[in-house]
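Let me begin by presenting the structure, written as structure tokens, before commenting on it.
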Amino acid sequence: MHIDYRNAMQNYFKSTTPIFEGTYKFIHSPICGPTVIPASTEGNIIYPKYEPYVYGGYGEDVHCIWELRVKQERDVWLYVDQLDFSLNDCSLEVIEVYLPGHDRPEFTICEKGDTAEDTKATILKSRDLIEGAIIIHFKSSAPGHSNFKLTWTELYELPKNSDGTVMTSKLITPGVCEFVCPGKSACINNNQVCNGVRNCPGNSTDVAQHDEAPEICFSRTGSKFNYVALALGAAGGTVVAVAVIILVCRNCRKRPDDNSF
Numbered sequence: 001m002h003i004d005y006r007n008a009m010q011n012y013f014k015s016t017t018p019i020f021e022g023t024y025k026f027i028h029s030p031i032c033g034p035t036v037i038p039a040s041t042e043g044n045i046i047y048p049k050y051e052p053y054v055y056g057g058y059g060e061d062v063h064c065i066w067e068l069r070v071k072q073e074r075d076v077w078l079y080v081d082q083l084d085f086s087l088n089d090c091s092l093e094v095i096e097v098y099l100p101g102h103d104r105p106e107f108t109i110c111e112k113g114d115t116a117e118d119t120k121a122t123i124l125k126s127r128d129l130i131e132g133a134i135i136i137h138f139k140s141s142a143p144g145h146s147n148f149k150l151t152w153t154e155l156y157e158l159p160k161n162s163d164g165t166v167m168t169s170k171l172i173t174p175g176v177c178e179f180v181c182p183g184k185s186a187c188i189n190n191n192q193v194c195n196g197v198r199n200c201p202g203n204s205t206d207v208a209q210h211d212e213a214p215e216i217c218f219s220r221t222g223s224k225f226n227y228v229a230l231a232l233g234a235a236g237g238t239v240v241a242v243a244v245i246i247l248v249c250r251n252c253r254k255r256p257d258d259n260s261f
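Residues in the sequence shown are numbered consecutively from 1, following UniProt numbering.
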């Protein structure tokens, strides 16, 4: 059979009907965990999901890609809760956060000696998340010796006026701002307050990382703890008092017998 390839190419490009259709999905190593993460108010990505030696991950380069879904009209605060990279080279080991369709990362994390908190956190605005997703890449040439925990929170970052004061538009909108973070930096849901996860930006120091704020969480949980401690103390004191009374009564009963001849 003889085919004129020049005519074949011309006919191919004139055709408006697709020859075939297909779908594809990136599948990374099992140590990366699931590729698609459903939208939620908070969550984290922990690497490795499984020990690398189970799947032969030691000594092999790894490339994880996660698609993090985001609810509409929500900003996303991303921060690295834990980081232990074995390579001090951003070209060999790095976490990169992309917006869909963008070629350059919006946020990059690597072990380069800069451990300041502001270099390990970022807020992605809802206006930039038009496709409702964030793409996160992790590349490493030594995957068996590294681990990290990347945490995210869906929130509303409160816009500010030119003089630095907070705009009140979101504060007065019903159902939008349930809890205002300390410093009025953002709004989160009430069920995220003092739940053990750092959901508010800026609540960390060089010494410690806090939940929403130490004084707020203590006022919410400290009173319950005090009541429990008081109840336990009272119960313990009652038991001791009863035991002492019983011992005294027994000694009183034995004295007449002990003095008789």
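No residue lacks a Cβ here, since even glycine has one placed at the ideal position from N, Cα and C.
Query - Expected contact under 8 Å - CB spacing of V62 and S140 to nearest Å - result: That belief holds up - the Cβ atoms of V62 and S140 are roughly 5 Å apart, short of 8 Å.
Query raised in the report: Do D211 and A151 come within 7 Å of each other at the CB atom, strictly closer than that value?
Result: Note that residue 151 is Thr in the sequence shown here, rather than Ala. Cβ distance not < 7 Å, so T151 and D211 don't count as in contact.
Query raised in the report: So the beta strand (DSSP E) C187 belongs to, where does it begin and stop?
Result: It spans 186-188 - the beta strand (DSSP E) in which C187 sits, taken as one unbroken run.
**Report entry** DSSP three-state assignment for K224, whether helix, strand or coil
**Finding:** Annotation note: pLDDT 45 at K224 (below 50); position unreliable, coordinate value reported separately. Helix, per DSSP.
Query raised in the report: Taking I95 as the reference, which of F148, V180, G237 has the closest Cα?
Result: Here the closest residue by C-alpha is F148.
Report task. Provide the residue(s) that pair with L155 in DSSP beta bridges, ordered along the chain. Result -> The bridge partners DSSP lists for L155 are D75.
Query raised in the report: Counting only beta-carbon atoms, is L83 nearer than 7 Å to chain D?
Result: In summary, chain D is missing from the structure at hand, where a single protein chain is found.
**Report entry** Euclidean distance between Cα positions of S162 and A213
**Finding:** Their Cα atoms are separated by approximately 27 Å.
**Report entry** Among C194, N191, P201, V76, the one whose alpha carbon lies nearest that of K184
**Finding:** Taking each of C194, N191, P201, V76 in turn and checking the Cα distance to K184, the smallest one comes out for P201.
Query raised in the report: Excluding five sequence neighbours on each side, which residues of the same chain lie with their C-beta closer than 8 Å to the C-beta of G22?
Result: For G22, same chain residues with a beta-carbon under 8 Å away, outside a window of 5 residues either side, do not exist.
Query - Reduced DSSP secondary structure (H/G/I, E/B, other) of S91 - result: Residue state for S91 is assigned as coil, using DSSP reduced to three classes.
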